[in-house]
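Numbering (this note's numbering), first residue to last: 6 to 562. Note that the Cβ used here is the ideal one computed from N, Cα and C, for glycine as well. Below: one structure, written as structure tokens.
Here you go:
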């Protein structure tokens with residue numbers, strides 16, 4: 006705790022930017038930013054988010070004192086942003102100070118030990134370290150203390166010492182020294198600090214550019230940014246219409262979903278991480294810093310139901326853009342897109358990194374972008390249908406794009422795919438994908454009926470929907486096992502993804518076929534089920550080989 010081990014910073018610090026710190030994936034060369042007591046093992050450590058905010062507090066407790074570390078990315082008061090060109094290209098011009106502040110990493114501490122060792126471009130690019138002010142005191146006219154420059158990126162570390170006495174001699178002094186660690190491609194800096202009760206220091210990591218909106222950072226600036234950030238999250242959560250139990254847990258989950266959104270385009274990433282293994286020592290180490298149609302549709306559904314329509318509006322703008330691209334090109338949708346709406350996401354293995362606890366390979370990019378996963382049409386159409394219901398009525402242009410997309414999908418209903426689990430071997434006729442194709446046509450028909458929208462191919466959609474339903478009930482159900490199966494090819498393999506069927510109204514939750522399937526899934530693996538320790542496996546890879554060995558990570562339902 007107190008150590009920052011993963012951070013992406015670039016000319017624009019986007020989700021998919023190369024990392025500056027990635028010690029989580031290599032303890033020797035990954036780089037890190039550590040603030041901690043001299044002997045952390047002698048302390049009791051606790052972490053919590055400040056109430057109704059994304060501001061993290063780490064507290065070190067010992068008999069002779071308490072040390073607090075506060076980390077946050079500033080969220081200043083709403084800025085006036087002008088988008089030019091297509092929004093997905095993220096061309097933006099800022100007319101106010103707050104936009105740059107969003108790119109700061111602020112670490113406020115009453116601390117005694119600091120290390121900053123960057124490793125640019127996933128620890129591939131060398132850098133030079135310049136120590137501008139080896140000794141820092143309260144009242145210094147400059148806050149810029151250290152710079153770290155690589156060929157592509159430039160960072161600076163600002164240090165702000167809080168003064169509480171009239172006599173500056175009573176304030177702490179920070180003395181930095183440069184240190185070269187073995188195998189690192191550049192120097193870092195180290196400092197030991199002695200603090201008395203009530204004293205504090207702020208460290209701000211930001212890009213080193215000549216035209217900073219705040220060239221010199223003061224305690225007042227940091228105070229105001231922490232206050233504005235806490236106020237931002239408080240007001241954002243105030244929009245929630247959730248009134249049930251476990252409100253704090255729900256609020257925390259909503260903030261995580263919000264932090265997965267990319268403001269310039271409205272895209273939503275599956276996760277902010279890359280190459281974290283599903284199982285220690287395993288090879289399922291994927292890069293999730295992209296916008297999956299499937300995951301984003303599920304996220305929008307939750308945000309809509311909780312009252313957050315602005316995020317849904319932004320994502321629909323993103324969807325409309327990629328809609329137009331794919332329809333105009335006469336192509337189907339991709340499984341995922343970059344946060345800027347691009348489809349070029351080459352997968353690459355970083356052999357020089359050891360991986361988390363030796364879990365190799367470390368991957369960036371994602372080769373699944375060109376997979377055929379037909380279920381995405383159902384998830385997207387379900388999301389659009391719910392947006393029309395709980396957000397805003399869809400536009401005529403969106404409806405025209407939907408019609409063209411579903412007409413395109415008519416030719417795909419009998420094709421195999423790689424489905425929700427993104428298997429990397431032969432395509433199959435996965436039952437989950439067939440169910441979601443049924444959803445795609447069902448939601449299209451419902452939209453047309455509820456909005457009285459013209460639908461030239463209504464009969465074709467209706468025939469496709471009904472044919473899919475009959476086919477699934479005939480080919481996707483094993484009467485001897487009394488359960489739905491993974492695919493038309495794997496007729497004895499269970500797959501927990503079928504649990505979504507009643508949620509999308511494909512089948513009623515009390516239908517005997519669904520109940521018997523759920524009963525079987527809830528059995529432990531040694532009895533032919535998928536459940537252990539109250540968690541549900543996706544499927545048994547011993548029965549359904551997906552190239553990668555080992556049980557899939559458990560999922561809780």
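Can you give me the start and stop residues for the beta strand (DSSP E) that residue 182 sits inside?
178-184
With 16 as the cutoff for other CB atoms within 10 Å, does residue 122 come out buried or exposed?
buried
Pair within 8 Å by beta-carbon distance, residue 316 and residue 263:
yes
What residues in its chain sit with their C-beta under 6 Å from that of residue 105, if we drop five residues either side in the sequence?
218
Starting from the Cα of residue 392, find the closest Cα among 348, 64, 46 and 448 and give me that residue.
448
Do you know whose CA, among 506, 532, 231 and 376, lies nearest residue 520's CA?
506
For residue 544, count the other beta carbons within 10 Å of its own beta carbon; 16 or more makes it buried, fewer makes it exposed. Which is it?
buried
Taking just the CA atoms, how far does residue 178 sit from residue 287?
46 Å
Nearest CA to the CA of residue 333: which residue from 495, 410 and 131?
410
Just to confirm, are residue 141 and residue 164 a CB contact at a threshold of 8 Å?
yes
Every unbroken alpha helix (DSSP H) within the stretch 459-500, with a cutoff of 4 residues, ordered by chain
463-480
Does DSSP classify residue 426 as helix, strand or coil?
coil
Suppose the cutoff is 6 Å on Cβ atoms and the five residues either side in sequence are ignored; what does the same chain contact list for residue 18 look like?
108
Environment of residue 356 [buried if 16+ CB atoms lie within 10 Å]:
exposed
Residue burial classification, residue 403 (beta-carbon count within 10 angstroms, cutoff 16):
buried
Can you tell me which of 437, 407 and 308 puts its alpha carbon nearest to the alpha carbon of residue 326?
407
So residue 535 packs on residue 526, CB below 8 Å; how close in whole Å?
5 Å
Excluding the five sequence neighbours on either side, which residues of its own chain have a C-beta within less than 6 Å of the C-beta of residue 35, listed in chain order?
27, 28, 124 and 128
Quick one: what does DSSP say residue 149 is sitting in, helix, strand or coil?
strand
Enumerate in chain order the residues of its own chain whose CB-to-CB distance from residue 275 is below 6 Å, with the five nearest sequence positions on each side excluded.
293, 297 and 300
Taking residue 50 as part of the beta strand (DSSP E), name the residues at either end of that continuous run.
49-54
Nearest candidate by alpha-carbon position, reference residue 253, set 365, 145, 40 and 53
53
Rounded to whole angstroms, what is the Cα-Cα separation between residue 268 and residue 241?
14 Å
7 Å Cβ shell around residue 372 - same chain, five flanking residues per side excluded:
352
Beta-carbon separation (whole angstroms), residue 132 vs residue 183, contact threshold 8 Å
With 8 Å as the limit, residue 132 and residue 183 do not qualify as a contact, their Cβ atoms being about 12 Å apart.
Cβ of residue 207 within 8 Å of Cβ of residue 227?
yes
What's the gap between the Cα of residue 148 and the Cα of residue 211?
12 Å
Here's the rule I'm using: 16 or more other beta-carbon atoms within 10 Å means buried, otherwise exposed. How should residue 376 be labelled?
buried
Identify whether residue 316 lies in helix, strand or coil by the three-state DSSP scheme.
helix
Thinking C-alpha only, which one of 499, 367 and 43 is nearest residue 547?
499
Any 3 or more C-beta pairs closer than 8 Å across the stretch 434-454 and the stretch 508-523:
yes
Using only alpha-carbon positions, find the residue among 37, 245 and 523 that is nearest to residue 489.
523
Three-state class that DSSP yields for residue 78 in the structure shown:
coil
Residue 249 to residue 55, Cα distance in whole Å?
22 Å
Going by Cα to Cα distance, which pick from 469, 78 and 74 is closest to residue 59?
78
Considering just the uninterrupted stretch of the alpha helix (DSSP H) at residue 40, what are its terminal residues?
Segment 37-40 is the beta strand (DSSP E) holding residue 40; no alpha helix (DSSP H) there.
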